[in-house]
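Enquirer: Under our numbering, the residues of the sequence shown are numbered 9 to 649, in order.
Quick one: structure below, then a few questions.
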Amino acid sequence: MEEEEMDDLSGASGSSLEEITLVSVRVGWLYFNPVSTRGRILHLVQMLVLPFIPIVALITQNCIAMSSAVRNQGTVTHVALQVQDAVQVGELLRALQLERTEVGYYILSNASSTLRMNITNVFDRTNFIIESMRQWPKIRLQDFRDSINPLETQVTKVVSWYNNANRLLLKALSNTINQADASSLWRTLISYKNVMKSEEQFGISLVYGAAYFLKGTLDQPSYLTWVEGTSQAWHWLNQTRALSERASRLLYEKIMRNKATAVTYRFVGTDIDFIYRSEIIGNDQRVGSLQMADKYMQETAGFIDSIREVEALLVADIRIAIEDQMTLADSQYNMALAVLVLVLIISPIIILLVRRATNLIHVYAIDLIAKSTEVKKEKRKSDNLVYQLLPRSVAHYLKQSKQVPAEYFESVTIYLSDIVGFTRISSESSPLQVVMLLNTLYKQFDSCIEKYDVYKMETIGDAYMVVSGLPNRNGERHAVEIAEMSLQLLDVVSRFELLHKKGERLQVRIGVHSGTCVAGVVGTKMPRYCMFGKTITSAHFMESSGKPMKIHISETTYKILAQTGRYNIEFHKRLQVISKYRVQNGQEVQMDTYWLMGHVNSTEQATPSASKREDEMPAFLQYFADSEPTRTQRPTTTNKF
Numbered sequence: 009m010e011e012e013e014m015d016d017l018s019g020a021s022g023s024s025l026e027e028i029t030l031v032s033v034r035v036g037w038l039y040f041n042p043v044s045t046r047g048r049i050l051h052l053v054q055m056l057v058l059p060f061i062p063i064v065a066l067i068t069q070n071c072i073a074m075s076s077a078v079r080n081q082g083t084v085t086h087v088a089l090q091v092q093d094a095v096q097v098g099e100l101l102r103a104l105q106l107e108r109t110e111v112g113y114y115i116l117s118n119a120s121s122t123l124r125m126n127i128t129n130v131f132d133r134t135n136f137i138i139e140s141m142r143q144w145p146k147i148r149l150q151d152f153r154d155s156i157n158p159l160e161t162q163v164t165k166v167v168s169w170y171n172n173a174n175r176l177l178l179k180a181l182s183n184t185i186n187q188a189d190a191s192s193l194w195r196t197l198i199s200y201k202n203v204m205k206s207e208e209q210f211g212i213s214l215v216y217g218a219a220y221f222l223k224g225t226l227d228q229p230s231y232l233t234w235v236e237g238t239s240q241a242w243h244w245l246n247q248t249r250a251l252s253e254r255a256s257r258l259l260y261e262k263i264m265r266n267k268a269t270a271v272t273y274r275f276v277g278t279d280i281d282f283i284y285r286s287e288i289i290g291n292d293q294r295v296g297s298l299q300m301a302d303k304y305m306q307e308t309a310g311f312i313d314s315i316r317e318v319e320a321l322l323v324a325d326i327r328i329a330i331e332d333q334m335t336l337a338d339s340q341y342n343m344a345l346a347v348l349v350l351v352l353i354i355s356p357i358i359i360l361l362v363r364r365a366t367n368l369i370h371v372y373a374i375d376l377i378a379k380s381t382e383v384k385k386e387k388r389k390s391d392n393l394v395y396q397l398l399p400r401s402v403a404h405y406l407k408q409s410k411q412v413p414a415e416y417f418e419s420v421t422i423y424l425s426d427i428v429g430f431t432r433i434s435s436e437s438s439p440l441q442v443v444m445l446l447n448t449l450y451k452q453f454d455s456c457i458e459k460y461d462v463y464k465m466e467t468i469g470d471a472y473m474v475v476s477g478l479p480n481r482n483g484e485r486h487a488v489e490i491a492e493m494s495l496q497l498l499d500v501v502s503r504f505e506l507l508h509k510k511g512e513r514l515q516v517r518i519g520v521h522s523g524t525c526v527a528g529v530v531g532t533k534m535p536r537y538c539m540f541g542k543t544i545t546s547a548h549f550m551e552s553s554g555k556p557m558k559i560h561i562s563e564t565t566y567k568i569l570a571q572t573g574r575y576n577i578e579f580h581k582r583l584q585v586i587s588k589y590r591v592q593n594g595q596e597v598q599m600d601t602y603w604l605m606g607h608v609n610s611t612e613q614a615t616p617s618a619s620k621r622e623d624e625m626p627a628f629l630q631y632f633a634d635s636e637p638t639r640t641q642r643p644t645t646t647n648k649f
């Protein structure tokens, strides 16, 4: 609808817009007309590109943000899988540690101890954990179990096999933790790995400690293995306590809350002192006791269970942290996706609104152009009127709100004429006839003087004043210009006939004088360009002392024209200027006057100018006629009145 409305307005005002020279709009290095079809398309493209650039930037930014969120989500998911694998490996490692302890004690006691769980249940528990793992390491566990015989198998062989299997699992656990790029979880993950290593070493020392109480002594390799396992177990446990304050606090609470273990273990500084260690570390020969071994196994296993509770706490912390990161990654992804969808929805709406606004601007532009056309026409009319009243150079000064300075002119020539018997003609004619008489006559005068370098000063009643040499100086040509113009105006008047007075012709007196003068603008509300000096009065005197249908020139004008040799000039007489212009010595001024008869060669007589139609109305009347279109101007087709 808006485009149709704009096209209708464009078509309706097309005839007027064709006459307008539009100012092109510059956009960078591109110029276009905002009203033409091509200009409207370019303007529309420009208006669409401007909002489209930030929209594309915003879409790109959100795509990058969403891509980053997806990568972050993938990273967190990968970390979660790695942590899950690490936890599963840890569970399997713990199951094998328990299985190693039970199998070792089972062999040491020759299957006679009833304090520990059934060996079959231990195998089933390990198998269940293996089946739940995402990846299962190939350690041939079942083949080893089938080869165990409590009467023939040595405990060192069993412990060695489980140690090798657990060593592989610990290596896999370390690799999994190292591959998990989780900077915020590194303390918890390292603490978890250290706890698993501590449990592994405690499990090894537990088997050899039980062997000591069963056999009463340990051989050298077994003793060294127990010492190494115990030392490393305490090392990794202290590392865990240093990395995780929460794990250290929980470990202390578990040990002190358990009365049985509180008697057996005590905190000494940063270490937990193992009371049984003083007995085993001496490796003194003693009587083997199954009851003592069971007690040792029970109390030591309780301590290891406390460590496993710390392990469970660390696993819970890891899972909570992973879940938080997953939640954060999901929220970032959802936020980026929501913003992207919102931008994609809003973008076409913005484009549509910009397009509608552009179309509306085009409608207003067409209307503005039409209005500006009317303003330009009115301004042209007013300028023409001003140029009729004032010289162009002076008018330009006034239009710029500048003060027009008065100027002194060294030499100008003034033409002044009036109608002979105008008072009688006015009394015998109606006002309308008088106005039409003057308009018709001065219209022809104005048409004639346009081809000369002269300026029409004023018309007051029947007086017609023209000057040459101001406001634009023309050297000594001013007298020649006025002379040529005077001869042509005299010829025009000689053929002018009064229509309302049959048989009566119009006559004028013409006076011409050359001299100095001062000219400037007088008045502010109604400024007028006026001349001052005795040259004007002398021109009046030449006109008033002349004769009908004669061109009366002064001596100064005569001297200028005589130098050209082109004019036929006759001496009139010496006239005494009125007493108002006496010289300083008190003598009255006398002036020789002459008649300008014509050109030396009669073929050079000036002819009336045909540059304008005689029925054309003067510019200042045309302005009012155009302002009132209902008023008609009576055409005049001849030079008769």
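From the three backbone atoms N, C-alpha and C, an ideal C-beta is built for every residue, glycine too.
Remember, it's a predicted structure, so these values are computed and weren't measured experimentally.
For the putative contact between V351 and I63, defined by C-beta atoms under 8 Å, what is the C-beta separation to the nearest angstrom?
Expert: Confirmed, about 7 Å.
Enquirer: Which value, in whole angstroms, describes the spacing of the CA atoms of K581 and S562?
Expert: Approximately 10 Å between the Cα atoms of the pair.
Enquirer: How do the stretch 487–499 and the stretch 391–409 stand: do at least 3 beta-carbon pairs fall below 8 Å, yes or no?
Expert: No: the two stretches stay apart, fewer than three of their Cβ pairs being nearer than 8 Å.
Enquirer: Taking D292 as the reference, which of N576, E261, A250, G217 has the closest Cα?
Expert: Among N576, E261, A250, G217, the Cα nearest to that of D292 belongs to G217.
Enquirer: Any chance you could list the alpha helix (DSSP H) runs of at least 4 consecutive residues sitting entirely within the stretch 457–522, in chain order?
Expert: Whole alpha helix (DSSP H) segments, 4+ residues: 486–502.
Enquirer: Which residue comes first and which comes last in the beta strand (DSSP E) that contains T421?
Expert: That run of the beta strand (DSSP E) goes 415–427.
Enquirer: Counting only runs that start and end within the stretch 323–359, where is the beta strand (DSSP E) found for 3 or more residues in a row?
Expert: Here no run is fully enclosed.
Enquirer: Helix, strand or coil, according to DSSP, for D600 in the structure here?
Expert: D600: strand per DSSP, three-state reduction.
Enquirer: Looking only at its own chain, which residues have a Cβ that is under 8 Å from the Cβ of N70, when we skip the five neighbours before and after it?
Expert: Within the same chain, N70 has close Cβ partners A344, V347, L348, V351.
Enquirer: Under a Cβ-count criterion, where at least 16 other Cβ atoms within 10 Å of its own Cβ denotes burial, should G531 be classed as buried or exposed?
Expert: So G531 counts as exposed.
Enquirer: Distance, Cα to Cα, I330 vs V84?
Expert: Distance between the alpha carbons of I330 and V84: 7 Å.
Enquirer: Taking the beta strand (DSSP E) that E578 falls in, what are its first and last residues?
Expert: Looking at the DSSP string, the run of the beta strand (DSSP E) that includes E578 is 575–584.
Enquirer: Can you give the beta carbon distance from S182 to K201, rounded, assuming they're within the 8 Å contact cut?
Expert: So it is a contact: roughly 6 Å between Cβ atoms.
Enquirer: Who are the near neighbours of A487 in its chain, counting only those whose CB is closer than 6 Å to its CB and skipping five residues on each side?
Expert: So the list reads T421, S522, T565, I568, L569, once near-sequence residues are dropped.
Enquirer: At the level of alpha carbons, what is the spacing between D426 and I490?
Expert: So the alpha carbons of these two residues sit roughly 16 Å apart.
Enquirer: By a C-beta neighbour count over all protein chains shown, 10 Å radius and 16 as the cutoff for buried, is L368 buried or exposed?
Expert: Flag for L368 reads exposed.
Enquirer: Does the separation of the CB atoms of E99 and V130 fall below 8 Å?
Expert: No. Outside cutoff.
Enquirer: I'd like to confirm the pairing. Which residues does DSSP put opposite G606 in its beta bridges?
Expert: Partner(s): N576.
Enquirer: DSSP on T225, reduced to helix/strand/coil?
Expert: In the structure shown, T225 sits in coil (DSSP, three-state: anything other than H, G, I, E or B).
Enquirer: For Q96, which option in E139, A77, A527 has the closest C-alpha, if you only look at C-alpha atoms?
Expert: Among E139, A77, A527, the Cα nearest to that of Q96 belongs to E139.
Enquirer: Quick one: what does DSSP say V529 is sitting in, helix, strand or coil?
Expert: Here V529 sits in strand by DSSP.
Enquirer: Taking all protein chains shown into account, do 16 or more other C-beta atoms lie within 10 angstroms of the C-beta of N171, making it buried, or fewer, making it exposed?
Expert: Classification for N171: buried.
Enquirer: Per DSSP, R536 forms a beta bridge with which residues?
Expert: BP columns for R536 point to V530.
Enquirer: Can you tell me whether DSSP reads R133 as helix, strand or coil?
Expert: Three-state DSSP puts R133 in a helix.
Enquirer: For T225, does the count of other Cβ atoms within 10 angstroms reach 16, so buried, or fall short, so exposed?
Expert: Exposed: under 16 other Cβ atoms inside 10 Å.
Enquirer: For K205, count the other beta carbons within 10 Å of its own beta carbon; 16 or more makes it buried, fewer makes it exposed. Which is it?
Expert: The residue in question, K205, is buried, as its Cβ has 16 or more Cβ neighbours within 10 Å.
Enquirer: Using the C-alpha atoms, what's the distance from G483 back to Q598?
Expert: Going from the Cα of Q598 to the Cα of G483 covers about 27 Å.
Enquirer: Name the DSSP bridge partner or partners of I559?
Expert: For I559, which the question treats as bridged, DSSP gives the partners I518.
Enquirer: Which ranges does the beta strand (DSSP E) cover as unbroken runs of at least 3 residues, wholly within the stretch 30–112, from first to last along the chain?
Expert: Those beta strand (DSSP E) runs which fall completely within the stretch 30–112 and span 3+ residues are 33–35, 38–40.
Enquirer: Can you tell me the Cβ-Cβ gap for G477 and F417, rounded? I've got them flagged as a contact below 8 Å.
Expert: Going by Cβ atoms, the distance from G477 to F417 rounds to 6 Å, so yes, they are a contact pair.
Enquirer: Find the nearest neighbour of Y395 within the set P535, R257, D302, F311, judged by alpha-carbon distance.
Expert: Comparing Cα positions, the closest option is P535.
Enquirer: Around the C-beta of S199, are 16 or more other C-beta atoms found within 10 angstroms, so that it is buried, or is it exposed?
Expert: Per the 10 Å Cβ criterion, buried.
Enquirer: Taking Cβ to Cβ, would you say I518 is nearer than 8 Å to E492?
Expert: No.
Enquirer: Nearest by alpha-carbon distance to Q81: which of D461, S502, D338, I353 is it?
Expert: Ranking D461, S502, D338, I353 by Cα distance to Q81 puts D338 first.
Enquirer: On the criterion of 16 or more Cβ atoms from any shown chain inside 10 Å, does Y372 qualify as buried, or is it exposed?
Expert: Exposed, because fewer than 16 other Cβ atoms sit within 10 Å of the Cβ of Y372.
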